[in-house]
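Since the structure comes first, as structure tokens, the remarks are kept for the end.
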Amino acid sequence: MSTPIATKVALAQVDINNFNPVLCPREIFRAYDIRGIVDENLTPAIAYTLGLAVGTRAHQENMTHFVVARDGRLSSPALTDALILGLTRSGMTVTDIGAVPSGVLYFACHYLNIGAGIMVTGSHNPKAYNGFKILFHFNALSEKVLQQIYAISAAQQFHYGSGQVIKQDVGFAYLDTIAQKINLKRPLKIVCDAGGGIAGPLALALYEKLGCEVIPLYCEVDGHFSHHHPNPSQLENLQDLIAKVKITQADLGLAFDGDGDRLGVVTAQGEIIWPDRQLMLFAQDVLSRHPGATILYDVKCSRHLAQVVQAAGGCAQMVRTGHSFVKAALKETGAILAGEMSGHVFFTEDWYGFDDGLYTGARLMELLTRDVRTLNQIWQSLPNSINTPEINIEIADAEKFITLEKLLASANFLDATLITLDGVRVEFAQGWGLVRASNTMPCLVTRFEAETQLHLEQIQMQIGLWLLSIKSDLHLPFYKGDEDAEITHT
Ligand SMILES: [Zn+2]
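Counted from 1, the sequence shown has number 388 at position 129 by the numbering used here; the numbering is strictly sequential.
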């Protein structure tokens, strides 16, 4: 594998004198990444301090080199410059690959054989947010190491050195590598909706390279997210894509989140194929070559997914939500495929086991075009149920875990099983309801699935009453309310 020509450049054009280490707010250190609100608890000075702290922690493990990339948010260039400055002042060499999707950062780590990387991104979050996804030894950081980095920043005990910055473009290598692996049996006409996120330009280039006719929708990078929010797990963000697919009579619509690691799928008929149903197809495909393999899915996925995996001869295993937890479980179990309802899909067959919406879209098109059935026949073969997308309930960060604890303590269902891998999934005979705390947003995340609309509403009613009994001022979009219902306040 040839390495692209690298050019060494001077340190980023940031005035070093403007930066001194500052205290980093503890709340930006999340379960599996660092996330904050720009100019509130995330500033260039904090990014600089994080660079110093991450570099210091990396130095303890004899790492000397980071790959750094950023998404298309308005705040990302300044935060990235400051971060790189902190890293280099801690003695780390930085290969800066510019503004690319998260999947390209992960790819670059493997391609350049540099195990440490940082993606500056707010992912699917509102535009005021930004943050850092960090890799050590090719793996997402654990909560424990993130807390160690926080401790280094709080103690201000940094390792100092003098690193350099190398600018490098890995976009062509990324496109070539995928194009060598993925073969479409016939060209597809697709609409790509990047929602103004960073995935747009490379998604267009990739799918055209694979032979598709690609109709772009919001594929120019736009840090204002002027058209809709780049989060394909929310129904409203897929409406423009559905309309465009229908008008253009495309075969398929693909949508990406702000940093391109999640995929949304819309059929020619305008039906949304939520990620748990995408996973059914991916599972059937990989299990045809790897019978008996383990497939991981998160607590938000349909119960039909496990049945499909088992019917295809695989072993289905439910895991906690969150890309870092899923990646850790992939390593532990040796699973061949993993996926989350939010749209992250992880392939270890012929790929590196990281989540990349652009690659996932290519894999999807490959399996669809290899199938002798029409696309419509394939979609119709996937079992469906009455279900909801993720429904977020706003709640202060400080309150969400306490509310969940109280909820669990008061659980009293005679006719249900509780799965407490992540929040609580209440499994009834006819369906289930999930309540968990978002790792990245100030909200509780809920989802519901049932055999019939009536059962769905009954489950929503039960879960709604249960939530309101713990915290009566919650606004529950799924709960129609029942003025006669008795709500017990605790
Ligand atoms: Zn993302």
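Think of the CB as a built atom: it goes at the ideal place given N, C-alpha and C, for glycine as much as any other residue.
Just to confirm, does S492 get its C-beta within under 8 Å of one of the non-hydrogen atoms of ligand 1?
Closer than 8 Å to some heavy atom of ligand 1: that does not describe the Cβ of S492.
Complete runs of the alpha helix (DSSP H) confined to the stretch 319–354 [at least 4 residues]
335–348
Verify whether the separation of the beta carbon atoms of T699 and N490 is less than 9 Å.
no
Measuring CA to CA, which of S731, C471, G390, E649 is closest to I287?
If we check each option's Cα against that of I287, G390 comes out closest.
Roughly how many angstroms lie between the CA atoms of D518 and V353, to the nearest whole one?
20 Å
Could you give the DSSP three-state label for Y466: helix, strand or coil?
helix
Quick check on DSSP: helix, strand or coil for I746?
Summary for I746: the model assigns pLDDT 35, below 50, so the residue's position carries little reliability; its value from the coordinates is reported in the next sentence. Coil at I746, not helix or strand.
Straight-line gap, I637 to E710 (C-alpha atoms, nearest Å):
Distance between the alpha carbons of I637 and E710 is about 21 Å.
Residue of L727, L724, G690 minimising C-alpha distance to S713:
Sequence inspection shows Leu at residue 713; the Ser mentioned does not correspond to that position. For L713, the nearest C-alpha among the options comes from G690.
Taking 8 Å as the cut-off, does the CB of R536 come closer than this to any heavy atom belonging to ligand 1?
no
Through-space distance from T592 to L540, alpha-carbon basis
When rounded, the distance between both Cα atoms is 21 Å.
What are the start and end residues of each continuous beta strand (DSSP E) run of 3 or more residues lying completely inside the stretch 591–671, in chain order?
596–598, 604–606, 650–653
DSSP bridge partner residues for F515 (one or two, in chain order):
Assignment of beta-bridge partners to F515 by DSSP yields L522.
Three-way DSSP call (helix, strand, coil) for R289 in this model
coil
Taking I751 as the reference, give the member of Q717, V404, S547 with the closest Cα.
Residue 751 is absent from the structure shown; the chain starts at 260 and stops at 749.
Comparing the CB of H383 with every heavy atom of ligand 1, is any distance shorter than 8 Å?
yes
Among L555, P701, A458, whose alpha-carbon lies nearest the alpha-carbon of L733?
P701
Scan the stretch 399–434 and note each continuous beta strand (DSSP E) run of 3 residues or more that stays entirely inside, going in chain order.
424–426
Strand pairing of N389, partner residues [DSSP]
G295
Check whether the Cβ of T380 lies closer than 8 Å to any heavy atom of ligand 1, and answer yes or no.
yes
DSSP state of G459 mapped onto helix, strand, coil
helix
How is G314 classed by DSSP in three states: helix, strand or coil?
helix
Is D609 near ligand 1, in the sense that its beta carbon is under 8 Å from a heavy atom of that ligand?
Outside the cutoff, so no.
Classify G692 as helix, strand or coil using the three-state DSSP reduction.
When secondary structure is reduced to three states using DSSP, G692 falls in the strand class.
At a cut-off of 8 Å, would you count D452 as near ligand 1, judging by its Cβ distance to the nearest heavy atom?
no
Please report the straight-line C-alpha distance between K665 and L727, rounded to a whole angstrom.
11 Å
Anyone know if the C-beta pair for K448 and E472 falls short of 9 Å?
yes
Environment of Y213 [buried if 16+ CB atoms lie within 10 Å]:
Outside the displayed span of the chain (260 to 749) sits residue 213, for which this structure offers no information.
Using CA coordinates, which residue listed in I411, E402, S361 is at the minimum distance from C283?
Looking at the Cα atoms, I411 is the closest of the given residues.
Could you name the residues of the same chain whose beta carbon sits closer than 7 Å to that of C368, not counting the 5 residues immediately before and after it, in chain order?
V326, G374, G376, L394, F397
Got a sec: does ligand 1 put a non-hydrogen atom nearer than 8 Å to the Cβ of G331?
no
Between Q639 and D630, what straight-line distance do the alpha-carbon atoms span, to the nearest angstrom?
14 Å
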